[in-house]
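The sequence shown: position 28 = 31 (our numbering), numbered continuously. Just so it is clear, CB atoms sit at the ideal spot from N, CA and C, and this is done for glycine as well. Since the structure is predicted, the reported quantities are computational estimates derived from the model, not experimental observations. Input: a single structure, listed below in structure tokens.
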Amino acid sequence: MMPRKSIPKTESPMPKSNETILEINLGALSKNFKYLKSKLEPNTKFLAVVKAFAYGSDTVAIAKHLESLDVDYFAVAYAKEGILLREAGIKTPILVLHPQPVNFKALIDHCLEPSLYSFNVLQKFIEVATEYAQKEYPVHIKFNTGLNRLGFNVSDVQSVTNVLKATQALKTKSVFSHLAASEDLSEKAFTQQQISTFTSIADKFEMLMGFKPWLHLCNTSGVLNYPEAHFDMVRCGIGLYGFGNSAKEDKHLEPIANLKSVISQIHNISPNETVGYNRAYRAKGHEKTATIPIGHADGISRLYGNKKGYVFINDQKAPIVGNVCMDMIMVDVTNIDCKEGDEVIIFDKTHKASLLAESAQTISYEILTAVSQRVKRKILT
Ligand SMILES: *Cc1c(COP(=O)(O)O)cnc(C)c1O
């Protein structure tokens with residue numbers, strides 16, 4: 004066989020980013036953690052929520068860094084996410100917010116602590132824990148105080164404690180609930196009602212059980228807006244990743260993720276020519292587009308198409324024209340001086356993901372967690 008010809012070296016200097024990449028800045032994570040901690044009493048414990056690949060970033064890198072900063076707890080949504088952390092060597096306790104009976108054995112095998120939120124789930128967990136000869140296995144009892152998503156009812160306290168007192172297999176490590184509108188100050192009265200409902204549930208629970216489990220209620224916006232409701236522990240997700248759900252708080256936080264790409268090709272479009280699938284965009288005059296290697300399979304929803312969403316090229320805003328493709332977008336660069344290989348910023352600490360999300364009537368949480376596993380992660384230390 005003929006040896007393959009070697010690829011000639013490129014003449015031009017390396018562009019800043021030559022493929023689509025999600026940079027994750029651990030320095031910013033430390034900063035956000037410190038800011039959130041500064042809002043707490045010294046004894047209040049900190050649970051870091053790392054569900055959904057640590058809000059679309061990188062579960063293991065984030066959890067390892069937070070473990071080095073001495074967080075008290077982690078939470079994930081599903082057992083599988085907790086198993087990933089244990090397999091990566093994470094030793095900190097992990098609360099599984101939405102465990103499912105089918106995974107209870109795996110949960111115990113990996114020392115993951117379930118949230119128990121209904122009589123069915125509680126009973127099933129007792130059965131599995133008993134079958135595996137567990138004594139005082141740590142569990143977290145969740146009450147519904149108004150979100151109406153998961154949780155025992157306020158009126159269930161007596162029955163729940165009866166079930167818990169009848170078994171040696173479980174130990175209630177904490178009692179918790181979740182706020183429905185902690186970021187929305189026009190719902191302050193509702194949130195205060197949730198706080199007082201939670202307090203009365205906790206009092207009754209403690210009285211009936213004869214000991215005090217840890218209590219926790221606040222997510223990021225709860226921490227920032229309701230200092231009176233921090234109880235023994237808080238559960239922060241979005242704040243760690245750099246978003247405070249308000250302009251005031253965003254100033255103190257730094258987005259940890261930079262989503263970057265590169266211009267693959269430039270097209271000069273004549274008047275009345277169309278761009279992209281279904282010919283959704285029609286040029287009015289002589290225009291110029293850039294094709295970027297990121298599409299709806301990477302997390303840029305089709306809702307960002309047709310000039311709703313945008314990217315930044317050489318610090319100028321370039322709207323997405325036409326429909327978002329699976330693997331690419333085309334953006335309008337008619338008035339931008341740019342060329343193939345130039346860097347493209349989808350979001351970073353100055354061009355915030357929360358603003359891009361707003362252009363498609365959604366929120367930072369959704370655009371961050373949408374960045375698919377196809378996008379390469381690069382950890383900045
Ligand atoms: C996701 C989640 C959190 C974290 O909320 P943030 O707003 O991201 O801080 C806390 N508690 C529960 C129960 C959650 O599901």
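Could you have a look at residue i and say whether DSSP puts it in helix, strand or coil?
{"i": "Met-210", "result": "helix"}
{"i": "Leu-25", "result": "strand"}
{"i": "Tyr-244", "result": "coil"}
{"i": "Pro-18", "result": "A caution first: Pro-18 carries a pLDDT of 45, below 50, which makes its placement in the model too unreliable to give a value."}
{"i": "Gln-196", "result": "helix"}
{"i": "Leu-188", "result": "helix"}
{"i": "Asn-275", "result": "coil"}
{"i": "Leu-115", "result": "strand"}
{"i": "Leu-32", "result": "helix"}
{"i": "Ser-264", "result": "strand"}
{"i": "Ile-303", "result": "coil"}
{"i": "Pro-104", "result": "helix"}
Please report the distance separating the alpha-carbon of residue i from that of residue j.
{"i": "Cys-341", "j": "Leu-383", "result": "27 Å"}
{"i": "Cys-328", "j": "Gly-279", "result": "8 Å"}
{"i": "Ala-356", "j": "Phe-350", "result": "5 Å"}
{"i": "Glu-276", "j": "Ala-250", "result": "41 Å"}
{"i": "Glu-186", "j": "Ile-129", "result": "36 Å"}
{"i": "Pro-18", "j": "Ile-266", "result": "With a pLDDT of 45 at Pro-18, under the threshold of 50, the modelled position of this residue cannot be trusted; read the value that follows with caution. Roughly 10 Å separates the two Cα atoms."}
{"i": "Val-124", "j": "Ala-232", "result": "27 Å"}
{"i": "Thr-148", "j": "Thr-133", "result": "30 Å"}
{"i": "Phe-107", "j": "Leu-119", "result": "11 Å"}
{"i": "Arg-380", "j": "Glu-90", "result": "19 Å"}
{"i": "Asn-261", "j": "Ala-55", "result": "17 Å"}
{"i": "Lys-320", "j": "Val-314", "result": "6 Å"}
{"i": "Val-52", "j": "Tyr-58", "result": "9 Å"}
{"i": "Ser-27", "j": "Ala-184", "result": "Just to set this straight, residue 27 is Ile in the shown sequence, not Ser. If I take the Cα positions, the gap works out to 28 Å."}
{"i": "Phe-36", "j": "Asp-73", "result": "10 Å"}
{"i": "Leu-29", "j": "Pro-230", "result": "27 Å"}
{"i": "Pro-141", "j": "Cys-114", "result": "9 Å"}
{"i": "Leu-211", "j": "Lys-40", "result": "32 Å"}
{"i": "Asn-222", "j": "Leu-256", "result": "15 Å"}
{"i": "Pro-96", "j": "Ile-370", "result": "28 Å"}
Give the single residue among the options whose Cα lies nearest to the Cα of residue i.
{"i": "Thr-372", "options": "Ile-259, Ile-129, Lys-215, Phe-146", "result": "Ile-259"}
{"i": "Gly-308", "options": "Ala-356, Met-333, Phe-179, Val-163", "result": "Met-333"}
{"i": "Phe-246", "options": "Lys-352, His-143, Ile-297, Phe-128", "result": "Lys-352"}
{"i": "Asn-326", "options": "Leu-167, Ser-304, Ser-60, Asp-235", "result": "Ser-304"}
{"i": "Val-374", "options": "Val-178, Thr-277, Gly-149, Ser-264", "result": "Ser-264"}
{"i": "Phe-146", "options": "Glu-290, Arg-380, Tyr-58, Lys-207", "result": "Lys-207"}
{"i": "Phe-214", "options": "Phe-77, Gln-126, Thr-175", "result": "Thr-175"}
{"i": "Ser-189", "options": "Met-212, Asn-228, Val-157", "result": "Asn-228"}
{"i": "His-270", "options": "Tyr-284, Thr-294, Arg-285, His-143", "result": "Thr-294"}
{"i": "Asp-330", "options": "Ile-297, Thr-223, Asp-345, Lys-310", "result": "Ile-297"}
{"i": "Val-63", "options": "Lys-42, Asn-156, Ile-86, Asp-235", "result": "Ile-86"}
{"i": "Val-105", "options": "Lys-83, His-143, Trp-217", "result": "Lys-83"}
How about residue i: is its C-beta nearer than 8 Å to some C-beta of chain B?
{"i": "Phe-56", "result": "The structure shown contains no chain B; it is built from a single protein chain."}
Any idea which residues DSSP pairs residue i with across the strands?
{"i": "Ile-259", "result": "In the DSSP output, where bridge partners are listed per residue, Ile-259 has none listed."}
{"i": "Met-331", "result": "According to DSSP, Met-331 bridges with nothing at all."}
{"i": "Val-178", "result": "Ile-144, Leu-218"}
{"i": "Lys-291", "result": "Asn-271"}
{"i": "Val-347", "result": "Ser-264, Ile-316"}
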